[in-house]
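In this note's numbering, the protein residues as written are 4 to 175.
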């Protein structure tokens with residue numbers, strides 16, 4: 004449909020440029036200095052992975068909350084957003100700057116354990132193997148094991164969930 008084509012066009016344009024503009028209720032919304040794109044809550048669409056290559060650029064997570072989790076989400080969404088304290092903003096900012104400094108000093112990444120895990124899954128296409136390695140690298144930064152990325156239970160579960168989600172998209 005036309006809406007699905009527009010979503011794909013907007014996402015591809017955001018990947019190619021450092022800005023994106025979309026019409027929303029007749030008003031333009033422009034986002035500049037993107038650096039990376041992150042879209043969640045898109046309306047359900049079917050993407051042909053072979054069509055434009057767009058689907059290969061994203062990490063897909065399929066999540067179906069339990070009844071208990073669904074109830075928690077409903078309650079949380081009804082609460083008002085409290086402003087973040089200046090102290091917390093400073094702490095987060097310091098941590099981000101520390102991570103940025105560490106990243107700038109790294110010459111190489113150690114993804115040995117990740118590649119061993121990926122190689123144990125023979126049906127993974129090469130272009131998806133790169134996605135899993137990058138996902139693991141981001142996990143390593145968040146887990147503070149960077150530049151060496153260690154396979155732990157959480158990372159294994161994350162990668163396996165991503166593999167299941169991508170397979171689901173490919174087959175449906």
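C-beta atoms are modelled at their ideal positions from N, C-alpha and C, and glycine is treated no differently. Please read all numbers here as calculations on a predicted model, not as lab measurements.
Verify whether the separation of the beta carbon atoms of residue i and residue j is less than 8 Å.
{"i": "residue 139", "j": "residue 114", "result": "yes"}
{"i": "residue 165", "j": "residue 135", "result": "yes"}
{"i": "residue 116", "j": "residue 91", "result": "no"}
Would you tell me roughly how many angstroms separate the C-alpha atoms of residue i and residue j, rounded to the nearest one?
{"i": "residue 107", "j": "residue 74", "result": "42 Å"}
{"i": "residue 174", "j": "residue 133", "result": "20 Å"}
{"i": "residue 47", "j": "residue 151", "result": "Per-residue confidence for residue 47 stands at a pLDDT of 49, beneath the threshold of 50, marking its modelled position as unreliable; the derived number appears in the next sentence. Rounded to the nearest angstrom, the two C-alpha atoms are 36 Å apart."}
{"i": "residue 172", "j": "residue 89", "result": "42 Å"}
{"i": "residue 68", "j": "residue 35", "result": "33 Å"}
{"i": "residue 128", "j": "residue 159", "result": "18 Å"}
Using the beta-carbon count (16 or more within 10 Å), is residue i buried or exposed?
{"i": "residue 162", "result": "buried"}
{"i": "residue 121", "result": "buried"}
{"i": "residue 143", "result": "buried"}
{"i": "residue 1", "result": "No information on residue 1 is available, as it lies outside the stretch 4 to 175 that the chain covers here."}
{"i": "residue 131", "result": "buried"}
{"i": "residue 137", "result": "exposed"}
{"i": "residue 119", "result": "exposed"}
May I ask you to list the residues that DSSP assigns as paired with residue i?
{"i": "residue 23", "result": "34"}
{"i": "residue 151", "result": "113"}
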